[in-house]
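First residue of the sequence shown? That's 3 in my numbering, and the numbers climb one at a time after it.
To keep things clear, I will list the structure first and then write my remarks on it.
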Amino acid sequence: MTFGLTFEKLLLIGLIAVLIIGPERLPRAAEGFSRMVRKAGEYLRSTKSRMREEMGPELDDVDWRKLDPRQYDPRRIIRDALFEEPQPAATPTQARETIAEPVAPRVLPQEFSASNRPPFDPEAT
């Protein structure tokens with residue numbers, strides 16, 4: 003993941019940083035930058051080891067290439083879906099068995115008229 007940064011762009015950013023920071027503060031800035039990069043590396047390593055501890059040995063069994071979203075081609079997914087064999091439709095008795103009864107009774111909407119006005123909130127916008 004380079005985020006579109008090439009070597010030339012990084013060199014230009016570094017040159018601009020050197021000009022802005024100046025030669026007096028450059029050693030401290032470089033030291034701070036190296037410290038930040040070192041801490042980021044330590045954070046990534048600790049996160050990886052913690053994941054291994056929490057997930058256990060199953061983490062090594064996961065095929066991460068199968069979970070890569072870049073491998074999914076929408077055209078292939080649609081083509082596979084169109085050419086696969088259709089599943090048999092459920093019979094009416096099977097459909098009735100899978101539909102659950104409503105838990106709460108259905109409440110009819112209240113009708114408003116000139117004598118029965120809807121609630122009004124004077125503080126609303």
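Where a beta carbon is used, it is the ideal one built from N, C-alpha and C, also for glycine.
query, result
"Continuous alpha helix (DSSP H) assignments of at least 4 residues falling wholly in the segment 5-39", "9-23"
"Coil, strand or helix - Q89 by DSSP", "coil"
"Three-state secondary structure (DSSP) of L61", "helix"
"L28 vs V20 beta-carbon contact at 9 Å", "yes"
"Cα-Cα separation between R40 and Y74, rounded to whole angstroms", "35 Å"
"CB contact flag (L46, R54, <9 Å)", "no"
"DSSP-derived helix/strand/coil call for L110", "coil"
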